[in-house]
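What follows is one structure encoded as structure tokens, with my remarks underneath.
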Amino acid sequence: PSLMHLLLPVRHRFLAALSSLPWRRHLCSSISSRSTATTTADDDLEHWLEHAPAPGAELRGILTAAKYGGQHRVSMIPGSGIGPELMAVVKQTLLAARAHVDFEELQTSAEGAVTPEEMRRIVMSIQRNGVALKGNLESLEASTDFISIGGAAAKNAQLRAKLGLFAYVQRCKSIEGLPTRHRDIDILVVRQNTEGEYNQLEHFNVDGVVESLKVVTEARCRQIAEFAFQTAIKTRRKKVTAVHKANIMKLSDGLFLDVCRQVAQSYPDIEFNDMIVDNCCMQLTSQPQQFDLMLLPNLYGNIVGNIAAGLVGGAGVASGMNVGSRCAVFECGVRVSGQAMRGRDLANPCGLLLASADMLEYLGEAADARRVRMAVLAALAGGVRTRDLGGSAGTNEVTAAIVDWLQRNSA
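First residue of the sequence shown? That's 9 in the numbering used here, and the numbers climb one at a time after it.
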């Protein structure tokens, strides 16, 4: 008999054991039939960030994430500026939490832009591991070196395009104890992540005249709209607000709005409305509690997401995730390098630690994710805060408080 025939009984026993776990039953059937199945909502949704794949895709957060010897293999890209020191905090914190994660570190220059060769290694690593935690990738000047995706200059946009990370998800929720103008905010921002103005299709027609192309496709509008409504179901959101400028950009934003309205008709249990982006920004700063899940094209999502993050404490406490059909990349919710703070014990590590907690949850390590998140929130509630949050603590002091909580509350 062939080796395949000898291995079949082992495979069948593996699938039978896998199917005995309630939350993995659909994974077993997916592996067995090699069909693509839409993820169903888990019964236990204690946190908003359950992985939501694209419609018709497998639950790839489990199926394609690398795991060896019981440890999840995760690509770590420190990036520039304060990225390397914040990644050191993450490693120290996850070690204290006894999280089952091994990092494959990909070093880049903390001072300058990422080189084309470094970009290629980063992309290959994330494709291999399926999950990554990254700092900001700085682009200091225009470049056409990274030819494989069209010569785009911005490194973060390059990465999203190459990996097919079509959705950016950012939760902006009020944190107990932080002094902010508004309370009781809990907004989920879902942003289209790969097209629109971020295609960076610009050129000079003649000297002094630049033409910039905004490319919007029905397929990707539908993809992000379906993803947003599926995410609303999974996270028990009751309302989706599509944000646009269709009153001026009648074709591009008009297409986005039309598709959102079409998709909304398939979800009658979720309230749907739309809002022009300039009015949205005013409403967000005056009455943010009216928003539940916000669905936006690429550029508006970047702007509105930063405003929403500012309402709940700023860049230091914002986390975000980039989602594709085959991988996910976690990072701070506001992309800043923080070059001026590098090496001065001033950086706030809370945003990246919360992103790490989101990553653990995506990997199926819900208990570890909950403990890391609770440790961060306990430090903030106890007044151990960096200067950006009105405190006087440095990076090391905040880290020590979080690690101490984890050690005192070990599983």
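Beta carbons are placed, not taken as given, at the ideal position from N, Cα and C, and that holds for glycine.
Note that the structure is predicted; figures quoted are calculated from it, not measured.
Could you check where the alpha helix (DSSP H) with residue i kicks off and where it finishes?
i: I130; result: 124-137
i: E373; result: Element bounds for E373: n/a, residue is neither H nor E.
i: T239; result: 226-242
i: K99; result: 91-104
i: G262; result: 260-272
Please identify the residue among the options whose C-alpha is closest to the C-alpha of residue i.
i: G313; options: H190, L196, N356; result: L196
i: G309; options: Y370, A165, V198; result: V198
i: P296; options: S182, T116, V122, I193; result: I193
i: R350; options: G402, G138, R334, L303; result: G402
i: Q107; options: H80, G398, S274, G322; result: Note on identity: in this sequence residue 107 is Ala, with Gln being the wrong assignment. Ranking H80, G398, S274, G322 by Cα distance to A107 puts H80 first.
i: Q135; options: R334, E339, G372, A389; result: R334
i: M382; options: E184, G399, V139; result: E184
Under 7 Å, do residue i and residue j count as touching if we go by C-beta distance?
i: G332; j: G172; result: yes
i: V337; j: L361; result: no
i: L186; j: A240; result: no
i: G341; j: A355; result: no
i: A375; j: E369; result: no
i: C288; j: V344; result: no
i: V380; j: A365; result: yes
i: V131; j: F111; result: no
i: V109; j: L102; result: yes
i: F299; j: T249; result: yes
i: G324; j: D412; result: no
i: N417; j: D353; result: no
i: Y206; j: A165; result: yes
Leaving out the 5 sequence neighbours to the left and right, which residues in its chain are closer than 7 Å to residue i when beta-carbon positions are compared?
i: S28; result: Because the pLDDT of S28 is 45, which lies under 50, any placement of that residue in the model is unreliable, and the question is left without a value.
i: R168; result: N201, T202, N330
i: M290; result: none
i: V271; result: R230, A233, E234, F237
i: Y176; result: R199, N201, G309, G328, N330
i: F264; result: V224, C229, H252, P305
In the DSSP assignment, the beta strand (DSSP E) including residue i goes from what residue to what residue?
i: N213; result: 204-214
i: E405; result: Where E405 is concerned, there is no enclosing beta strand (DSSP E), although the alpha helix (DSSP H) it sits in stretches over 403-416.
i: M257; result: Unbroken run through M257: none, as it is neither H nor E.
Between residue i and the rest of its own chain, which residues show a CB-CB distance below 6 Å, the 5 nearest in sequence each way excluded?
i: A409; result: A387, V392
i: P86; result: P92, M95, G143
What does the Cβ neighbour count give for residue i, buried or exposed, with the cut at 16 atoms within 10 Å?
i: V98; result: buried
i: K170; result: buried
i: F174; result: buried
i: G359; result: buried
i: Q415; result: exposed
i: K253; result: buried
i: E226; result: exposed
Suppose the cutoff is 8 Å on Cβ atoms and the five residues either side in sequence are ignored; what does the same chain contact list for residue i look like?
i: S182; result: T188, H190, R191, D192, I193, D194, V320
Any beta carbon from chain E within less than 7 Å of residue i's own beta carbon?
i: H80; result: No chain E is present in this structure, which holds just one protein chain.
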